[in-house]
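These protein sequences, in sequence, are chains A and B.
Using this note's numbering, the first residue of the first sequence is number 11, and each one after it goes up by one.
Using this note's numbering, the first residue of the second sequence is number 17, and each one after it goes up by one.
No residue lacks a Cβ here, since even glycine has one placed at the ideal position from N, Cα and C.
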Amino acid sequence: MIPQEFNYSRPGTVQEAVDLLADGEAKVLAGGMSLIPLMKLRLSAPEHVVDLGRIPDLSRITENGGSLHLGALLTHHQVATSALVQEKCPLIAETASHIGDAQVRNMGTLGGSAAHADPAADYPAALCALEAKVRLVRRDSERVVGIGDFFVDALTTAVEPEEIITELILPVEEAGTGVSYQKLRQPASGFAIVGVAARVRKDGGRVAMARVGVTGLAASAYRATGVEALLEGSEGSQADVAAAAAAVDEGIEAISDLHASSDYRRHVARVYTARAIQAAL
Amino acid sequence: MKTQINVCINGLERTDEVEPRLLLIHYLREVIGLKGPHIGCETSICGACTVALNGKTVKSCALLAVQADGQDIVTVEGLATNGQLHPVQEAFWNEHGLQCGFCTPGMLMTTRELIERNPEPTDEEIRHGLEGNLCRCTGYQHIVNAVKSAAAKVGG
């Protein structure tokens with residue numbers, strides 16, 4: 011369980027980091043909770059590792075207008091326990107508190123988890139429900155990508171080899187919006203068999219806004235727009251929630267592995283979608 | 017190519033030349049000779065390798081030694097001071113929070129942080145907080161008792 015040899019760089023600024031990545035040959039190390047296990051198994055064998063762990067600019071939390079900007083190197087523990095995040099964007103804080111275990115939450119990072127795009131990771135469900143935006147920086151330019159275009163496939167995102175994620179941009183939650191993240195936890199790893207993040211706001215006795223993000227069911231996390239459409243405009247009764255939740259796997263190719271078959275995952279997804287929406291209402 | 021790292025381990029400054037691929041657990045056990053942190057699963061699940069890096073518990077099998085450069089590390093060997101057991105160690109002893117003892121170094125390190133962050137944890141919070149540490153002997157009940165006892169000791 012020893013990684014292949016590699017060269018190691020530890021830039022102190024974002025500019026130094028993107029200069030080191032400009033040739034497209036290096037691999038980015040954030041907290042290492044995904045990359046180092048892969049390197050130990052030699053499923054990943056980069057020749058050059060660029061460690062972002064000492065770039066202070068990447069651990070900032072700022073509020074700007076109606077948005078909360080979370081630095082990519084914030085650990086899950088920092089996201090889960092920040093009073094500002096808990097107040098302005100409680101869904102991402104709640105989700106962070108369910109990731110892995112205490113040790114993993116101390117090292118693992120928001121940007122690292124997003125970039126790794128594990129189909130069973132927790133954050134992607136919340137990021138989809140929040141319609142997050144991701145800032146990607148390279149040597150001479152930067153771009154902001156919507157979460158729908160960010161997650162491409164299992165372990166595949168829109169991030170190019172020369173780019174790093176510098177921050178995730180999330181909406182500040184409007185008053186009256188309820189949120190919840192519910193997951194069936196794989197007992198050894200803590201990963202989600204299926205995880206569902208929901209944001210719901212009622213107005214005048216009807217559901218005015220519903221956003222639902224799902225992880226674990228498909229090769230990559232997605233927004234369950236069918237569920238949202240059924241829920242919005244309804245009274246949000248138990249029957250409304252059940253009917254909406256039944257649409258969570260429509261058009262989805264469910265994954266199957268030794269922990270859960272695709273049929274079981276579909277069933278769990280419907281149950282946990284209903285639970286997340288109920289909890290958020 | 018080797019890289020120089022400077023670390024402070026259990027209060028002692030060290031400078032070593034290490035390969036970037038050297039895992040922190042191997043650095044601690046094989047270079048420094050600290051055999052307290054154990055290698056259980058080596059897949060970052062079991063938590064037997066848990067140490068504190070700048071006061072935060074981490075799994076040293078999932079870290080590179082170079083990531084610890086310039087940082088402060090505490091292993092289970094650093095818990096007792098002047099021959100006096102740390103309250104967490106004493107609580108595990110009094111409450112029989114171990115059987116074979118293999119997971120204990122990691123349990124102690126995680127418990128130390130757990131009660132620092134939450135001085136009066138409930139049973140549920142203790143079990144959630146120790147999710148990253150597996151014990152194959154005790155069934156956890158005595159460990160939960162030990163954590164409660166340690167919290168009471170430190171808090172009281």
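1) Do you know how far the Cα of residue 68 of chain A is from the Cα of residue 6 of chain A?
2) Check the C-beta distance from residue 137 of chain A over to residue 223 of chain A and give it rounded, since I have them as a contact under 8 Å.
3) What three-state label does DSSP hand residue 117 of chain A in the structure shown?
4) Given that residue 73 of chain A touches chain B, what residues does it touch there, using C-beta distances under 7 Å?
5) Beta strand (DSSP E) containing residue 9 of chain A: first to last residue?
6) Counting along the chain, where does the alpha helix (DSSP H) carrying residue 108 of chain B start and finish?
7) Do we get a CB-CB distance below 8 Å when we pair residue 113 of chain A with the residues of chain B?
8) Counting only C-beta atoms, is residue 48 of chain B closer than 8 Å to chain A at any point?
9) To the nearest angstrom, how far is it from the Cα of residue 268 of chain A to the Cα of residue 140 of chain B?
10) Among A:106, A:18, A:177 and A:128, which residue has its Cα nearest to the Cα of residue 156 of chain A?
11) Within 10 angstroms of its Cβ, does residue 116 of chain B collect 16 or more other Cβ (buried), or is it exposed?
12) Flag this pair as yes or no: are the beta carbons of residue 181 of chain A and residue 76 of chain A separated by less than 8 Å?
13) Can you give me the start and stop residues for the alpha helix (DSSP H) that residue 98 of chain A sits inside?
14) Using the beta-carbon of each residue, which ones in chain A are nearer than 9 Å to residue 136 of chain B?
15) Closest by CA to residue 125 of chain B, which one among B:40, B:94 and B:161?
16) Please identify the residue among B:42, B:59 and B:55 whose C-alpha is closest to the C-alpha of residue 49 of chain A.
17) List, in chain order, every chain B residue whose beta-carbon is nearer than 8 Å to that of residue 191 of chain A.
18) Beta strand (DSSP E) containing residue 61 of chain A: first to last residue?
19) Going along the chain, which residues of its own chain have a beta-carbon closer than 6 Å to the beta-carbon of residue 39 of chain A, five neighbours each way excluded?
20) In three-state DSSP terms, what is residue 8 of chain B?
21) Is there a Cβ from chain A that is less than 8 Å from the Cβ of residue 72 of chain B?
22) Compare the C-beta of residue 61 of chain A with all C-beta atoms of chain B and state if any pair is closer than 8 Å.
23) Given a limit of 7 Å on CB to CB distance, which residues of the segment 27-53 of chain A reach chain B?
24) Should residue 27 of chain A be labelled buried (16 or more other beta-carbon atoms within 10 Å of its own) or exposed?
Well, looking at it:
1) Because chain A here runs from 11 to 291, residue 6 of chain A falls outside it and cannot be looked at.
2) The beta-carbon distance between residue 137 of chain A and residue 223 of chain A, rounded to whole angstroms, is 7 Å. This is short enough to meet the 8 Å contact definition.
3) The answer is helix: DSSP assigns residue 117 of chain A an H, G or I state.
4) Within 7 Å Cβ-Cβ: nothing; residue 73 of chain A doesn't reach chain B, min ~25 Å.
5) Because residue 9 of chain A is not part of the residues shown, which for chain A are 11 to 291, the question remains open.
6) Run containing residue 108 of chain B: 103-110, per the alpha helix (DSSP H) assignment.
7) For residue 113 of chain A, the nearest CB of chain B lies under 8 Å from its own CB, placing it at the interface with that chain.
8) No - not a single Cβ of chain A is within 8 Å of the one on residue 48 of chain B.
9) Going from the Cα of residue 268 of chain A to the Cα of residue 140 of chain B covers about 28 Å.
10) The alpha carbon of residue 156 of chain A has as its nearest neighbour, out of A:106, A:18, A:177 and A:128, the alpha carbon of A:177.
11) Label assigned to residue 116 of chain B: exposed.
12) The Cβ atoms of residue 181 of chain A and residue 76 of chain A lie closer than 8 Å to each other.
13) Note, residue 98 of chain A: alpha helix (DSSP H), 93-98.
14) Listed by position along chain A, the residues whose Cβ is nearer than 9 Å to that of residue 136 of chain B form an empty set, because the closest Cβ is around 17 Å away.
15) Proximity to residue 125 of chain B across B:40, B:94 and B:161 peaks at B:94, based on C-alpha coordinates.
16) For the options B:42, B:59 and B:55, the alpha carbon positioned closest to that of residue 49 of chain A is the one of B:59.
17) Within chain B, not a single residue places a beta-carbon under 8 Å from that of residue 191 of chain A; the smallest gap is close to 15 Å.
18) 58-61 is the extent of the beta strand (DSSP E) around residue 61 of chain A.
19) 45, 59 and 61, listed in sequence order.
20) The question about residue 8 of chain B has no answer here: the residues shown for chain B are numbered 17 through 172.
21) Yes, contact with chain A.
22) At a cut-off of 8 Å between beta-carbon atoms, residue 61 of chain A makes contact with chain B.
23) Listed in sequence order: 42, 43, 46 and 47.
24) Taking all protein chains in view, the Cβ of residue 27 of chain A is crowded by 16 or more other Cβ atoms within 10 Å, so the residue is classified as buried.
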